[in-house]
Amino acid sequence: MKKWNLIIDVANCTNCNLCTLALQDEHVTNSFPGYAEEMPKHGHRWIEIQRRERGTPPVTDVAYLPTMCQHCDEAPCISAAPDAIAKRPDGIVLIDPVKSKGRRDIVDACPYGAIWWNEDRQVPQHWFFDAHLLDQGWAEPRCVTVCATNALEAVKVEDAEMEQLIAREQLEPLRPDLDTKPRIHYKNLWRYASCFIAGTVSVERDGVVDCLEGAKVSLLRDGEIVATQNSDNYGDFKIDRLDADGGNYTLSVTAAGYTDPFIELTFAQSTNIGEVRLS
Amino acid sequence: MKFHLVLLGMAALFRYAKWRSPEFRSRLANKNIVVQIRTADAKQGRYFNFSNGDITSKSGVHTNPDFALVFKTAAIGARLLMPPIDQLAQIEAMKNFLFHPEGRDEDAVWFAQTVMTAIGARWRVGRKQGDGVTRYCTMTNGGPLFIYVKDGKILRTTPIVFGDDDAEPFTIKARGKTFTPPRKTSLSPHGMNWKAMVYAPNRLLTPLKRVDFDPDGERNIANRGTSGYEPISWDEALDIVAGEIKRMKREHGQGAIAQSNGSHHNWGNIGYYLSAKMRFMNAIGTTEVHHNPDSWEGWYWGALHHWGGSLRVGGGEPFGTIEDCLENAEMIVFWSSNPEATNGIYSGLEGSIRRQWLKQTDIKIVHIDPHLNDTAQFLGGKWIAPRPATSPALALAIAYVWMTEDLYDKDYVATRTHGFEVWREYVLGNEDGTPKTPEWQEAETGVPAKDVRALARAWGSKRTYLAVGGMGNTFGGAARNPTGGQWTRTMVCLIAMQGLGKPGINVGNLQMGVPHDYGFYFPGYADGGISGDLSHTALAVSLYQRMPQLATMNPSTQIIPRLKLPDAIIDGHAEGEVWDARTIEGQFVRAVYPAPGHSPVHMLYRYGNSILGTLSDTNRYVEMYRSPNLEFVVNQSIWDEGDTQFADIILPACTHLERTDIGEWANAGGYGAHFNSQVNHRVIAFQAKCIEPLGESKSDYDIFTAIAERLGLGSYFTEGMRDIDWVKRMFDASDLPSKISWKKFLERGYYVVPPEREELRPATAYRWFAEGRKKDIPEAMPLPGDYTEEFLEGLQTQTSKFEFEASSLKRFKPDDPERPPIAKYSPSWEGPNVEELAARYPLQLITPHARFSFHTQGDGKDSFLNDIKDHRVLIDGYYYWILRITPQDAAARNIAENDLVKIYNDRGAVLCAAHLTARLNPGILHAYESSAVYDPTGEPGKSVERGGCINLLSPARTQMKNAHSMANGLSMVEIEKWDGTTGFVRQAPLTTAQGLGVEAGR
């Protein structure tokens, strides 16, 4: 049985919000019996784009993370309300708009915070993969069609095939700690979830300061090298995909003809250590 | 005999239409009229009696018809009425008085449109989807849309996913890869917002009159903006407007009526402001409020003098640069270029798709912008953050490194350029004693000298694309700063030093230059539409021949430069250079208001409501509206927002989803030539009337028709056409009929022009110039008479070469310190260098074009965009505009995330919600311009504004004294956590006569 999955590439999300706008276009003032009551015009984010800035100028980067109902195979919401929420054979989790009426507790059952309470209609609501359209023969959910940068891709495959895809594309769940077997899979999640240490290397020659390309930058913890990188033509280095664990690290910057400075730092967040002037 | 038969045929047509067409039947419902068609000698004819929905007709001449259409002879009548109608023959007959109407103008229009309705009785629009749903197509400023309608309501709107019978897209081969765009259209955020915009709670649904406005008595002009409105009937509203138009001419004379519109309309070649509106305004005679080249400022007034391109508003050639960049470039420098925010213009997210291809290459990417912009977020790369408006200094230092380290194309400079030595002397400091070294620029820009050297060395040794402005070769960004002209000038000088046009060396950001079939003719909106105006649109170039129409001409030659409109109304005097795209020198001509012998303006016909959100120092316009010199203001708008609230009479227009039109995606035509090179597919849409106009709103065309009828101009204005009949004429005038039938076009809603065959694609921009050949790209510019050597030889400049020293500026005002013949740096007059200003307002607020809305379109209106976290923020039930601030500046002012802050200076005070960000350096703030909402907390102009009208704060001063150039991209301000007080006292002068424009730093 082929089932639906959504692949989200964090590196491709530009925060254009076409997905959230298409969602409002589809569901505001439209109710789809058997699937969903109409969505409130404002305030509901069945698809929500989270924003994370890392670093400080001039080494700042920003990642956007679209989140939504994860269509878990072991869905906490179904455990909480098996009478009102069902797992469809195609993998989609669907909250019944009639049976869930008045069930505010369903909102709290979702550990991802992806279920929204419609105060006006007294129903819990979520992004249900546009199942109403898929059932009419539409090829994919609307958020995927409007995504111009391939940040969202819907695939309907056998679970075994999806496992291969997960391995090949290095896809990850949003919250592995929750272990809910979600059908939303993330690529390049590190852009949102990890941290970096950056800086820039320079030298002074004949009274003129210049960027130093090719300086060897090593990050050490307890004397062990965690990562090394050569500075680029701007003297810049950026050691990324790190876990800012609050520990104490040492940076070593070496280049032929220059003495090596050692920089001690506590790594609790993405850090731009600024200019390292070799002499 | 033939005349007799044709009239008999008309009777048969009416009978058929009555049977076939509900629209035809509804036209007849409330009309009782006897219409006679006859020869001038009254010997032949037939009359038609329309009575309570029935039509009878009889051969002969009626004794007392209500209306008669009189042909000079029977032969002429037969020739002109015999289908298919020959438009040119009809128009020529009108001009030569071969037929004429007798009776009321509105009956003439009614009868002619009834005939047209009968002719179109068989037309069926849209595709049935089952379950009572019909799918229509439309085109918007944000891309093409399918509109799904059920029970007369919009169900959903989607982009177009192409079918099997649509053309395949182009493929580009570069670096051993092939790149093909997806077979669907993309949308800008505001393009996915139309359902909310159509059904917005602030739609104007009836004509309104200001409660204390009495056209025959007390007008209470000073209460504009504070007194409320009451609904009135269309008849009353139209009678007042038509009556005021006549009164203005009668009591004041020609020139008394000014008309003003925003820069962008709902999409569509018929309803566009350069089309129907211009036709109407020319018909009544109006003073034109002349636009500054608003998003091109620096390009038109600056770069133009070095490399020509007046017909592109100073921008560069677009062709072939996508392929060339992907194949040949080693590096790309995005300099104040944020296409992910604005996507060039009109083009959905089409450019984003191609910039994603860039990520698949090893091309090095650099971003230069005070803000870590959306494009930098998306593409990554090296971010260099100069202080606002200082980029010209950074550019000069790059040139300094190239000159002193021999890192430029000396052969190119020697053979393809002019005046390099003069500029070189300045850059090296031999002219003014200041070498423009990287260390020199550091004091201005804040960018470390070492970074500039590293950038210059990389750039000077790699084939590099300069991605400059939103479209890559023009548009937006730093061009709208006080130093915008300087910036564009230094930009083109840099790329010329590297060999503009050589493989991998050009201007572009993958936003323009798709290899379309440009030989397939379909006009853009600036190609004249139905304007009839051969002087102020591109109508004369092609469309006038292809779609003959009655010419129109504005009898008033009076012009008001738009940025000086408050001066004109309040002071009675205004001056400014006109944007005249025809030649380089066109911009040196200064318009002076009032024009000799013309009446000063006493009435404003305002079309739209974007002034307060989009122009500069816009509290000036608030005061203008309340000036006693302005006796009457009518505003024709879709939404009640912005400056609509200052009108005496408001006419409710409908959106383009509620009327019929036709248009091609991103095809502006005219001054926006080849804008459609931004989109991956040339899509031409039959823009269906998807639903009936909401409430009592009407199409602009029908509003103009109704006013025209009250002035006896209805027949002239309409040529007897409904809007859909004009659409059919434009369809026939284009190359569409050779590819798709009218019937199919109406049903399917769009046509995709197949891409150019690979071997026939346009050549790469400026390659011809770099190689010293005649121009071989498909653009009919400059004017033939504007070449110096042989036709097609060289650039538009006097020397035909790229001019480091501009001949035009040398001829015009060589001693102008703001715009000397060579590109120089002079610190912004609105900036931290101006001590007395910076002491009071120490923060630099940059205000680029908005990302999610399109100017004021899409914003406010309780629309879906309000929910976008980076667009507005909901605080205490109100959606506030966002002010971006560094944690350092925020901490110094005790400001936290989502605090309401008052941003203020001598010109205004605006409330925003604070968002703390590391995408800026301290001392710099960021907020988009173009709020649609103008919401003063007290008396307009004398209170804090909370809708987010950032342009209340921006300087009115032009970039350069001798150029009508807006500089509203940068304002010096202070901010504080809002304490709840609402008062504001303006300290800046209001008009030029009162001292405006000579403030600090002048």
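First to last, the protein sequences are chains W and H. Here the numbering used here is used: the first residue of the first sequence is -6, the next is one more, and so on. Here the numbering used here is used: the first residue of the second sequence is -1, the next is one more, and so on. Every residue gets a Cβ at the ideal spot worked out from N, C-alpha and C, and that includes glycine. Note that the structure is predicted; figures quoted are calculated from it, not measured.
Just the Cα atoms here: how many angstroms apart are residue i and residue j?
i	j	result
G999 of chain H	E834 of chain H	Annotation note: pLDDT 41 at G999 of chain H (below 50); position unreliable, coordinate value reported separately. About 9 Å.
T413 of chain H	I170 of chain H	32 Å
G667 of chain H	I268 of chain H	14 Å
L309 of chain H	M779 of chain H	7 Å
F630 of chain H	G283 of chain H	16 Å
T115 of chain H	A15 of chain H	8 Å
T155 of chain H	I108 of chain W	25 Å
I42 of chain W	E154 of chain W	28 Å
N94 of chain H	F69 of chain H	12 Å
L734 of chain H	L86 of chain H	20 Å
V632 of chain H	E937 of chain H	21 Å
Y876 of chain H	L392 of chain H	41 Å
A91 of chain H	F518 of chain H	31 Å
I88 of chain W	R891 of chain H	47 Å
R217 of chain H	Y714 of chain H	33 Å
Can you pull the chain H residues whose beta carbon is under 7 Å from the beta carbon of residue i, in chain order?
i	result
S224 of chain W	Chain H residues near S224 of chain W: none, gap ~11 Å exceeds 7 Å.
H35 of chain W	N864 and D865
C204 of chain W	K448, D449 and A452
S195 of chain W	K448
L11 of chain W	L185, P187 and M190
Since I believe residue j is in contact with residue i (beta carbons under 8 Å), could you give me their beta-carbon distance rounded to a whole number of angstroms?
i	j	result
A761 of chain H	G318 of chain H	6 Å
P818 of chain H	L807 of chain H	7 Å
F121 of chain W	C65 of chain W	With 8 Å as the limit, F121 of chain W and C65 of chain W do not qualify as a contact, their Cβ atoms being about 13 Å apart.
V147 of chain H	T132 of chain H	5 Å
D828 of chain H	Y902 of chain H	Correcting the residue identity first, residue 828 of chain H is Glu in this sequence and not Asp. Not quite, the Cβ-Cβ distance comes to about 15 Å (not below 8 Å), so this is no contact.
L202 of chain H	S635 of chain H	6 Å
On the DSSP letters alone, give me the boundaries of the alpha helix (DSSP H) that residue i sits inside.
i	result
R352 of chain H	E348 to K357
S389 of chain H	S389 to E403
I195 of chain W	The sequence given here has Ser at residue 195 of chain W, not Ile. S195 of chain W -> not in any alpha helix (DSSP H); beta strand (DSSP E) instead, spanning C188 to R198.
Would you mind reading off the limits of the beta strand (DSSP E) that contains residue i?
i	result
T53 of chain W	V52 to M61
H178 of chain W	I177 to K180
W17 of chain H	It is not in any beta strand (DSSP E) - W17 of chain H instead sits in the alpha helix (DSSP H) that spans K0 to R18.
K171 of chain H	I170 to A172
K148 of chain H	G141 to K148
M719 of chain H	Unbroken run through M719 of chain H: none, as it is neither H nor E.
For residue i, go through chain W and note every residue whose CB falls closer than 8 Å to its CB, in chain order.
i	result
I382 of chain H	P51
Q556 of chain H	Within chain W, no residue comes near Q556 of chain H; the closest Cβ sits about 44 Å away, beyond 8 Å.
Since residue i meets chain H, which of its residues come closer than 8 Å, beta carbon to beta carbon?
i	result
R44 of chain W	K867 and D868
V246 of chain W	Residues of chain H passing the Cβ test: none, with the nearest at roughly 16 Å.
D76 of chain W	In chain order: nothing, as chain H lies at least about 30 Å away.
Chain C partners of residue i, CB-CB under 7 Å?
i	result
Y227 of chain W	Absent from the structure: chain C. Protein chains present are W and H.
Can you pull the chain W residues whose beta carbon is under 7 Å from the beta carbon of residue i, in chain order?
i	result
A916 of chain H	E46, G48, T49, P50 and T53
P157 of chain H	T138 and V139
A456 of chain H	N226
So which residues of chain W does residue i contact, with C-beta pairs closer than 9 Å?
i	result
S191 of chain H	The sequence as given places Asn at residue 191 of chain H; Ser does not occur at that position. Near N191 of chain H (Cβ distances below 9 Å), the residues of chain W are L14, Q17 and D18.
Given 8 Å as the limit, is there contact between the segment 596 to 613 of chain H and the segment 944 to 963 of chain H, that is, 3 or more CB pairs closer than that?
yes
Inter-stretch contact at 8 Å, needing at least 3 Cβ pairs: the segment 6 to 15 of chain W / the segment 858 to 874 of chain H
yes
Check whether the segment 584 to 595 of chain H and the segment 562 to 573 of chain H are in contact - that is, three or more C-beta pairs closer than 8 Å.
yes
The segment 100 to 115 of chain H / the segment 698 to 708 of chain H touching (three or more Cβ pairs under 8 Å)
yes
Can we say the segment 69 to 82 of chain W touches the segment 139 to 153 of chain W, given the rule of at least three CB pairs closer than 8 Å?
no
Per the contact definition of three or more C-beta pairs closer than 8 Å, is the segment 89 to 105 of chain W in contact with the segment 114 to 125 of chain W?
yes
Does the segment 278 to 295 of chain H come close enough to the segment 775 to 792 of chain H that 3 or more CB-CB pairs lie under 8 Å?
no
Any 3 or more C-beta pairs closer than 8 Å across the segment 10 to 20 of chain W and the segment 128 to 139 of chain W
yes
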